[in-house]
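Just below is one structure, and these are the notes that go with it.
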Ligand code: GMT
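Numbering (the UniProt record's numbering), first residue to last: 1 to 376.
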C-alpha cells in the first residue's frame, strides 16, 4: 500500500511513534510518505520505499501567524495525487486531523477518494484539545475521520469524557521493536563513564514540560541517593530546564546529576540504567517508560492516565500517586537495595514490555488500513 503519514517531527512521543510505525511499514514492503515541516528526528532509515515531503511555509509579511494548516492541506492534496496514495494516517489531532479532512474534501471535488485515520496521542485531547478555541474543530475532525485510534484505554475514556464523540474509537497501544533496545557488544554503553564508582544509575527522559513534573524527579533522586550511591541522567530538554538547574543547586545534588540533552538514540543511556523515573501529572501512555522496560529497566511512575496500562505495579516497577515523592523514593530504594531484587525487576520489566512488541501491534494498524481501503 501507499501510505501518507502526517506527524510532528520534533522530539516527542507522537512523532516518534509515527516515525517508527512508518519505518516498520516500509520494512514490510509498504510505500511510506512522511509529510511534515522538518525531517523527523527518528527518520534515520535510508530505504527506497520511504519518502519525505516537506511542508514549506510561505513567509508573507501580512501574516502574523503563518497558515501552516493550509500549507499542510495543499501538500496532502498534492502528494495524494502525484504519489497515488491509498490512505492517510495523521498523528495528533491538531491541526493534522482537520487538514486531512479538508484535503479529503478537495480531493473528492476532483473525484479522488482517500480515507484518513486519526491517531490521538494524549495532549491533543487532555491538554490542548480541551481548550475552547480548539474544541469544535477537534470534535468535528474526530467524528469525521474514517477511523480513530488512541494509544490507551485511558485516552479513549478521556476522549469520550471531553468531547461529544459519535465515531468509533479503537485502542491500538504504542509499540516497541525490542532489537533496538537489546544490549550488544557493538552498541555504545558508557556506564563506567557516568557511574565510575559503581553507583546505581537513574534516568528520566522527557521534553521537560510542566506535565512531566521533572522537579519531582530531582526530589525523588535526592531521597534515593541519601540511602544508595547513585547518579541521575536527565535526557531531553524543554521549558522547565532553567528551573531544574536552579533546583539542582538548591538541593545540593548537581555533582550527581547530568543533563545529557536531546539524545537521539536513547538506548545508549538506557543500556546502563538501573531505574527509570516518570512522575508525570498525566500520560496517555508514556512511551519513554516502555522504552525503559524494553531495555530491562524497572520504572517508578505515577498511576495517572494510561501509565498503569504500561507499568505493572509490583512487577515491572511501581506506581504512586502524583506528587508522592516519599512513596516513589521508598519504592525506588526497595528495587535498588540489593542486586537480587534489582535483577528480578529487570527481568520482569523486559517480560512485561513484550506485550507491546511491534510484532503484536503492527498487524492491527495494517488490518485497519486494509479495512478502510477495501471498504466499498
Ligand atoms: O508527552 C508529551 O508531551 C509529548 C506527547 C506527544 O504528543 O508527542 O506525548 C503523548 O504521546 C505519546 C505517544 O503516544 C505518549 O506516550 C505520551 O504519554 C503522550 N503525552 C501525554 O499524554 C502527556
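For glycine and all other residues, C-beta sits at the position ideal for the given N, C-alpha and C.
Handout entry: With 16 other Cβ atoms within 10 Å as the buried cut-off, status of residue 311
Key = buried
Handout entry: Unbroken alpha helix (DSSP H) run spanning residue 242, endpoints
Key = 241-251
Handout entry: The beta strand (DSSP E) enclosing residue 31, as first and last residue numbers
Key = 31-36
Practice task
Flag residue 181 as yes when its Cβ comes closer than 7 Å to any non-hydrogen atom of ligand 1, and as no otherwise.
Solution key: no
Practice task
Please list, in chain order, all residues of the same chain as residue 308 whose beta carbon is under 7 Å from its beta carbon, the five residues on each side excluded.
Solution key: 319
Exercise for the section: Taking residue 292 and residue 256 to be in contact with their CB atoms under 8 Å, please state how far apart those CB atoms are, rounded to whole angstroms. Expected result: That pair is no contact at about 20 Å.
Handout entry: Coil, strand or helix - residue 135 by DSSP
Key = Helix at residue 135.
Problem - Candidates 177, 304, 207, 252, of which the one nearest residue 225 by Cα - result: 252
Practice task
List the endpoints of the continuous beta strand (DSSP E) containing residue 258.
Solution key: Residue range 257-261 is occupied by the beta strand (DSSP E) that includes residue 258.
Handout entry: Other residues of its chain near residue 16: CB distance less than 8 Å, five sequence neighbours each side excluded
Key = 41, 42, 287
Problem - Inter-residue Cα distance where the pair is residue 234 and residue 179 - result: Going by the C-alpha atoms only, they are around 24 Å apart.
Handout entry: Bridge-paired residues (DSSP) for residue 357
Key = 176
Exercise for the section: Just the C-alpha distance for residue 283 and residue 117, rounded to the nearest angstrom, thanks. Expected result: Residue 283 and residue 117: Cα-Cα distance of roughly 22 Å.
Exercise for the section: Reducing DSSP to helix, strand and coil, say where residue 96 ends up. Expected result: helix
Handout entry: C-beta atoms of residue 188 and residue 268 nearer than 8 Å
Key = yes
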